[in-house]
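Residue numbers (my numbering), protein chains in the order written: chain A, 2 to 116; chain B, 18 to 126.
This report refers to the structure that appears directly beneath it.
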Amino acid sequence: KAGVTQTPRYLIKTRGQQVTLSCSPISGHRSVSWYQQTPGQGLQFLFEYFSETQRNKGNFPGRFSGRQFSNSRSEMNVSTLELGDSALYLCASSLGLAGAKNIQYFGAGTRLSVL
Amino acid sequence: GQSLEQPSEVTAVEGAIVQINCTYQTSGFYGLSWYQQHDGGAPTFLSYNALDGLEETGRFSSFLSRSDSYGYLLLQELQMKDSASYFCAVTSGTYKYIFGTGTRLKVLA
Chain A
2 KAGVTQTPRY LIKTRGQQVT LSCSPISGHR SVSWYQQTPG QGLQFLFEYF SETQRNKGNF
62 PGRFSGRQFS NSRSEMNVST LELGDSALYL CASSLGLAGA KNIQYFGAGT RLSVL
Chain B
18 GQSLEQPSEV TAVEGAIVQI NCTYQTSGFY GLSWYQQHDG GAPTFLSYNA LDGLEETGRF
78 SSFLSRSDSY GYLLLQELQM KDSASYFCAV TSGTYKYIFG TGTRLKVLA
């Protein structure tokens with residue numbers, strides 16, 4: 002069974018640009034969550050999608066958005082990039098909503114560098 | 018607000034036992050999870066506690082006290098491959114998964 006796939010693995014962008022990251026969940030998983038990981042900050046929850054609907058959102062500005070397609074694949078978009086957006090962006094999938102005992106399976110992440 | 022606290026770094030020798038504590042403050046608490054992340058790798062699930070008590074999975078055990086808003090991960094018979102970062106994460110009704118900032122475990126030979 003294939004794991005969670007994130008593309009691209011690395012990205013370099015300049016301030017003001019926008020970027021789209023992609024996540025393909027484990028087959029059969031309907032929930033996809035996105036996290037931002039920076040040194041010293043741990044994993045910060047961005048949002049969770051389930052059945053193409055955003056079910057929960059973290060405390061990030063509106064420049065961060067996402068969507069989920071009917072095949073459960075998800076994309077995350079960051080507009081008007083800032084230097085502080087440089088981070089590892091992780092995607093996690095789970096069978097159901099990320100609560101109860103629904104284990105989250107993480108992809109390897111996309112490392113975004115904003116210059 | 019919602020917050021988790023865990024030590025930033027723990028060092029132990031091979032074969033020893035180490036405990037990584039996690040205290041949390043949240044509303045609508047569902048459960049406490051633990052994840053392991055090796056440098057350059059993805060976080061992987063270790064354990065989940067929803068009720069008070071100890072859960073054991075091989076060399077790893079996890080404990081939860083809901084009344085104290087406290088939990089810990091216990092690693093026994095430490096091996097060099099256990100050197101990694103360990104994150105506790107609270108599942109809450111409002112913000113779903115809230116992760117701690119992680120504890121870097123260094124296992125010395």
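Heads up, the beta-carbon is just placed ideally off N, CA and C, and yes, glycines get one too.
All values derive from a computational prediction rather than experimental measurement.
What number of angstroms, rounded off, separates the C-alpha of residue i from the C-alpha of residue j?
{"i": "GLU94 of chain B", "j": "GLU83 of chain A", "result": "45 Å"}
{"i": "TYR65 of chain B", "j": "LEU49 of chain B", "result": "6 Å"}
{"i": "CYS61 of chain A", "j": "LEU47 of chain A", "result": "The sequence shown places Phe at residue 61 of chain A, not Cys. So the alpha carbons of these two residues sit roughly 7 Å apart."}
{"i": "GLU26 of chain B", "j": "SER80 of chain A", "result": "35 Å"}
{"i": "ILE27 of chain A", "j": "GLN7 of chain A", "result": "11 Å"}
{"i": "ILE115 of chain B", "j": "TYR47 of chain B", "result": "11 Å"}
{"i": "ARG74 of chain A", "j": "ARG112 of chain A", "result": "19 Å"}
{"i": "SER25 of chain A", "j": "SER52 of chain A", "result": "14 Å"}
{"i": "SER87 of chain A", "j": "TYR11 of chain A", "result": "11 Å"}
{"i": "LEU63 of chain B", "j": "LEU91 of chain A", "result": "18 Å"}
{"i": "GLN55 of chain A", "j": "PRO40 of chain A", "result": "27 Å"}
{"i": "GLY29 of chain A", "j": "LEU96 of chain A", "result": "7 Å"}
{"i": "ILE118 of chain B", "j": "TYR106 of chain A", "result": "For clarity, residue 118 of chain B is Thr in the given sequence; the question names Ile instead. If I take the Cα positions, the gap works out to 19 Å."}
{"i": "GLN19 of chain B", "j": "ASN57 of chain A", "result": "15 Å"}
{"i": "GLN164 of chain B", "j": "GLN37 of chain A", "result": "Chain B is shown only over 18 to 126; residue 164 of chain B falls outside these bounds and no answer can be derived."}
{"i": "ASN38 of chain B", "j": "SER102 of chain B", "result": "13 Å"}
{"i": "LEU89 of chain A", "j": "GLU76 of chain A", "result": "15 Å"}
{"i": "GLY110 of chain A", "j": "ILE34 of chain B", "result": "31 Å"}
{"i": "SER100 of chain B", "j": "HIS55 of chain B", "result": "7 Å"}
{"i": "GLY4 of chain A", "j": "GLY108 of chain A", "result": "7 Å"}
{"i": "GLY59 of chain A", "j": "GLY43 of chain A", "result": "14 Å"}
{"i": "PHE70 of chain A", "j": "TRP51 of chain B", "result": "29 Å"}
Does DSSP classify residue i as helix, strand or coil?
{"i": "GLY85 of chain A", "result": "helix"}
Within its chain, find whatever has a CB closer than 6 Å to the CB of residue i; leave out the 5 residues flanking it on each side and keep chain order.
{"i": "ILE13 of chain A", "result": "SER114"}
{"i": "LEU116 of chain A", "result": "THR15"}
{"i": "GLU22 of chain B", "result": "THR40"}
{"i": "GLN36 of chain B", "result": "TYR89, LEU91"}
{"i": "PRO60 of chain B", "result": "TYR52, GLN54"}
Got a sec? Which residues, its chain only, sit under 7 Å from residue i by beta carbon, not counting five neighbours each side?
{"i": "GLY32 of chain B", "result": "GLU94, LEU95"}
{"i": "MET97 of chain B", "result": "GLU31, VAL124, ALA126"}
{"i": "ASP69 of chain B", "result": "LEU81, SER82, ARG83"}
{"i": "SER78 of chain B", "result": "LEU71, GLU72, LEU91"}
{"i": "SER66 of chain A", "result": "ASN78"}
{"i": "ILE104 of chain A", "result": "SER95"}
{"i": "ARG64 of chain A", "result": "VAL79, SER80, THR81"}
{"i": "ALA67 of chain B", "result": "TYR47, GLY48"}
Handout entry: Cβ contact check for the stretch 81-101 of chain B and the stretch 20-28 of chain A: 3 or more pairs under 8 Å
Key = Because the criterion of three Cβ pairs below 8 Å is not met, the stretch 81-101 of chain B and the stretch 20-28 of chain A do not touch.
Practice task
Below 8 Å between beta carbons is the criterion; list the residues of the stretch 114-126 of chain B that meet it against any residue of chain A, in chain order.
Solution key: Against chain A - using a Cβ distance shorter than 8 Å - the residues of the stretch 114-126 of chain B are TYR114, ILE115, PHE116, GLY117, THR118, GLY119.
Exercise for the section: Quick one: which residues of the stretch 35-65 of chain A get their C-beta closer than 7 Å to a C-beta of chain B? List them in chain order. Expected result: Only GLY41, GLN42, GLY43, LEU44, PHE46, GLU49, ASN57, GLY59 from the stretch 35-65 of chain A bring a Cβ to less than 7 Å from some Cβ of chain B.
Exercise for the section: Would you be able to state if there are at least three C-beta pairs under 8 Å between the stretch 119-126 of chain B and the stretch 26-35 of chain B? Expected result: Of all C-beta pairs linking the stretch 26-35 of chain B to the stretch 119-126 of chain B, three or more are shorter than 8 Å, placing the two stretches in contact.
Exercise for the section: Answer yes if the stretch 98-116 of chain B comes into contact with the stretch 31-43 of chain B, meaning at least three C-beta pairs across the two stretches below 8 Å, and no otherwise. Expected result: The stretch 31-43 of chain B makes contact with the stretch 98-116 of chain B; the number of CB pairs closer than 8 Å reaches 3 or more.
Exercise for the section: For the stretch 51-71 of chain B, enumerate the residues whose C-beta is nearer than 9 Å to any C-beta of chain A, in chain order. Expected result: Cβ contacts with chain A come from TYR52, GLN54, GLY57, GLY58, ALA59, PRO60, THR61, PHE62, TYR65, ALA67.
Problem - chain A contacts from the stretch 71-105 of chain B (Cβ-Cβ distance under 8 Å) - result: Those would be PHE104, in chain order.
Practice task
Determine which residues of the stretch 101-112 of chain A have a Cβ less than 8 Å from any Cβ of chain B, and write them out in chain order.
Solution key: Cβ contacts with chain B come from ALA101, LYS102, ILE104, GLN105, TYR106, PHE107, GLY108, ALA109, GLY110.
Practice task
Taking only beta carbons into account, state which residues of the stretch 82-93 of chain A come closer than 9 Å to chain B, listed in chain order.
Solution key: Within the stretch 82-93 of chain A, contact with chain B at the beta-carbon level (separation under 9 Å) is assigned to LEU91, ALA93.
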